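Notes to accompany the following structure.
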Amino acid sequence: MAVLTCKDSGKSIYLRDFHRFGRLAHSVDTLLNYPEITRIHAVIEWVEPHWYIRDLSKNGVWLNGRKLEKHSKSQLALNDKISFSELNKVTYQLTSIEPPKDLLLPVANDSLDAIVLERYHFLPNNHDPVIIVYFDPHNYMWCYESTDDHQVSPLEEGQTIAIDGQQWQLFKAEMTSQENTIDLSPISTNDLEFIFSLSLDEEQTELKVKHNDGLQDFDVRSHHYLTVLLARYKLADIKNKFAPEVQGWVQVKKLARDLGINECHVNIQIHRARKQFIESFNNMSADTLIERKRGKVRFGGEHYVIYKGQACESTE
4 MAVLTCKDSG KSIYLRDFHR FGRLAHSVDT LLNYPEITRI HAVIEWVEPH WYIRDLSKNG
64 VWLNGRKLEK HSKSQLALND KISFSELNKV TYQLTSIEPP KDLLLPVAND SLDAIVLERY
124 HFLPNNHDPV IIVYFDPHNY MWCYESTDDH QVSPLEEGQT IAIDGQQWQL FKAEMTSQEN
184 TIDLSPISTN DLEFIFSLSL DEEQTELKVK HNDGLQDFDV RSHHYLTVLL ARYKLADIKN
244 KFAPEVQGWV QVKKLARDLG INECHVNIQI HRARKQFIES FNNMSADTLI ERKRGKVRFG
304 GEHYVIYKGQ ACESTE
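Sequential numbering from 4 applies to the sequence shown in the numbering used here.
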């Protein structure tokens, strides 16, 4: 994430991938309310792999003391100093030039750092989450779910959520790049083969996922047993010739009973499985692995095999 820091106040401005500065309050990302500032005064934008600044003003923009040529792009570097006015001597320094990243910003608490969002988050920590935040690449949107009520809701730009009594606000820095990115070779569920290996006592479950000529090793994890149990439910329905749209769906309550854990723990295990999956296949939706609807879940895979000793269960 790129950061522009005001030299006078020390305040940090996190930069969006197309960040506008000016006086037009509802059309800019950073308001510069000085009389010599133009409505849309300047733009800082991310054009991979660099940040650039453009002067769109009537009165000028200065980079390291040099007045910029109007409407032309100037590449930015770490520690560059920017001034948006010759009259107002406020200087801003570029203290980070990392690529744009969506953030959760602490509300009214400068002692906390921003949370840089990846694709899947357990908050406030991995061990005892109260909120799950994840990105849906199909709908280009963030979602969040409370571990109390398990309700999934969209998380919009500027919206706040409470985590352990602290309010956090979503800051979307990747708005343009997320919406304009087109995956030219999307992976579908049919492209994947899930290979489960169970120990004889079913205490350990290993998962590998084959894609084309590659094999992704998901190692041994406790949440893989939940996933393989869902795969077994689906396989049983396939063998019973149930319609595809109903195959594999199971109540979370039944899944919890079969696993011998409570529903809250089941939901956290589901999220752990989905998180690990999309960290390896980050252009796929979490529903590719485990689908959910109204208190039910099912395994999303189409091709899979389950090994237990010499025994083999398969969709083939």
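Every residue gets a Cβ at the ideal spot worked out from N, C-alpha and C, and that includes glycine. Predicted model only: the values in this text are computed from it and were never measured.
Buried/exposed call for residue i, threshold 16 Cβ in 10 Å
i: Leu187; result: Reliability fails at Leu187, whose pLDDT of 42 lies under 50, so the model's placement of it is uncertain and the value that follows must be treated cautiously. By the neighbour-count rule (16 or more Cβ atoms within 10 Å), Leu187 is not buried but exposed.
i: Tyr307; result: buried
i: Ile185; result: Bear in mind that the predicted position of Ile185 carries a pLDDT of just 46, short of 50, making it too unreliable to give a figure here.
i: Ser12; result: exposed
i: Tyr143; result: exposed
i: Thr291; result: buried
i: Asp116; result: exposed
i: Glu48; result: buried
i: Asp222; result: exposed
i: Lys14; result: exposed
i: Leu124; result: It is His, not Leu, that sits at residue 124 in the sequence shown. So His124 ends up on the buried side.
i: Leu101; result: In the sequence on display, residue 101 carries Glu and not Leu. It counts as exposed.
i: Asn67; result: exposed
i: Asn270; result: buried
i: Ser156; result: exposed
i: Lys354; result: Residue 354 is absent from the model: the chain starts at 4 and stops at 319.
i: Gly304; result: buried
i: Lys244; result: exposed
i: Ala111; result: exposed
i: Ser75; result: exposed
i: Ala28; result: exposed
i: Gln274; result: Position check: residue 274 holds His in this sequence, whereas Gln was assumed. So His274 counts as buried.
Per-residue DSSP class, three states only, for residue i
i: Arg163; result: In the sequence as displayed, the identity of residue 163 is Thr instead of Arg. In this structure, Thr163 counts as strand in the three-state DSSP scheme.
i: His29; result: helix
i: Thr41; result: coil
i: Met178; result: helix
i: Thr150; result: coil
i: Thr184; result: For Thr184, the predicted structure reports a pLDDT of 48, less than 50, and the residue's modelled location is therefore unreliable. The matter cannot be settled from this model.
i: Asn142; result: coil
Segment limits, beta strand (DSSP E) that includes residue i
i: Glu196; result: Leu195 to Leu201
i: Ala314; result: Ala314 to Ser317
i: Asp139; result: Ile134 to Asp139
i: Thr1; result: Because residue 1 is not part of the residues shown, which for the chain are 4 to 319, the question remains open.
i: Ser15; result: Ser15 to Tyr17
i: Arg301; result: Lys299 to Phe302
i: Leu158; result: Val155 to Leu158
i: His130; result: First-last for His130: undefined, no H or E at that position.
i: Glu305; result: Counting along the chain, Glu305 falls outside any beta strand (DSSP E), and DSSP gives it neither H nor E.
i: Cys294; result: Note on residue identity: the sequence assigns Glu, not Cys, to residue 294. Unbroken beta strand (DSSP E) run through Glu294: Ile293 to Lys296.
Any non-hydrogen atom of the ligand HEM closer than 6 Å to residue i Cβ
i: Lys84; result: Ligands are entirely absent from the displayed structure, and the ligand HEM is therefore not among its contents.
Beta-carbon spacing of residue i, residue j below 7 Å
i: Phe174; j: Leu106; result: yes
i: Tyr17; j: Val31; result: no
i: Thr230; j: Ala276; result: yes
i: Arg321; j: Ile40; result: There is simply no residue 321 to check, as the chain begins at 4 and stops at 319 in what is shown.
i: Gln250; j: Asp240; result: yes
i: His141; j: Ser288; result: yes
i: Leu158; j: Trp171; result: no
i: Glu51; j: Pro103; result: no
i: Val212; j: Phe199; result: no
i: Leu97; j: Asp83; result: yes
i: Leu195; j: Lys311; result: no
i: Ser88; j: Thr94; result: no
i: Ile164; j: Pro127; result: no
Q | Whole runs of the alpha helix (DSSP H) within the stretch 208 to 291, excluding any shorter than 4 residues | A | 226 to 242, 255 to 262 and 266 to 283
Q. Where in the stretch 32 to 109 do unbroken runs of the alpha helix (DSSP H), each at least 4 residues long, occur, reported from the N-terminal end onward?
A. none
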